[in-house]
Amino acid sequence: MNRKIDFEFGTLEIFNDYAIGEINEGIDFKCEQNEKIISVCKKYFKDRPFGYISNRTTSFSIDPSIYNQLRNNLKNLVAIAVIAKNPAQILSTNVEQIFFGKSLQHFSTMNDGVIWLKDKLDKVYNTSESKRIRTSY
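Start counting the sequence shown at 15; every next residue gets the next number (our numbering).
Printed below as a string of structure tokens:
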């Protein structure tokens with residue numbers, strides 16, 4: 015499965031067991047926008063464990079209360095990988111880890127983030143890579 019969904023605030027690309035989100039430049043990302051992402055994730059992943067990759071190619075702000083919203087509404091969200099190169103975004107990731115309360119890690123490249131996220135999911139599924147159907151990035 016690979017599907018791209020466009021929102022007024024950014025895009026969400028759905029893969030078999032993770033989603034990649036990109037937020038548009040200058041957006042103040044709040045619970046209202048987050049609810050739309052949650053709705054799509056519930057539709058596609060249902061109760062299956064999955065991961066999320068935040069691909070931060072632009073500058074935007076995040077309301078930290080979205081992490082409480084994620085924990086309460088997406089119990090099957092295993093981990094978040096943040097892809098960022100901007101020093102301010104990297105620093106922000108350290109603060110976001112505290113609010114999320116689950117695995118949230120910064121990476122410089124998409125490939126490193128995907129590898130880490132798949133490893134986290136493999137641990138949840140407790141099975142080898144070859145036994146799961148995946149769509150590679």
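For every residue, glycine included, the Cβ atom is placed at its ideal position computed from N, Cα and C.
As the structure is a prediction and not an experimental result, all values here were calculated from the model.
| Asked | Found |
| --- | --- |
| Residue interval of the alpha helix (DSSP H) (run including I49) | The question names Ile, yet the displayed sequence has Glu at residue 49. C45 to F59 is the extent of the alpha helix (DSSP H) around E49. |
| Cut-off 6 Å between Cβ atoms - residues of its own chain near G127, not counting five sequence neighbours on either side | I67, A95, I97 and F121 |
| With 16 other Cβ atoms within 10 Å as the buried cut-off, status of R70 | buried |
| Length-filtered (3 minimum) beta strand (DSSP E) runs lying within the region 66 to 129 | 91 to 97 and 117 to 121 |
| For D20, three-class secondary structure by DSSP | strand |
| Nonlocal neighbours in the same chain, by C-beta distance under 7 Å from D61, ignoring five residues either side | N90 |
| Reduced DSSP category for D42 - H, G, I as helix; E, B as strand; rest coil | strand |
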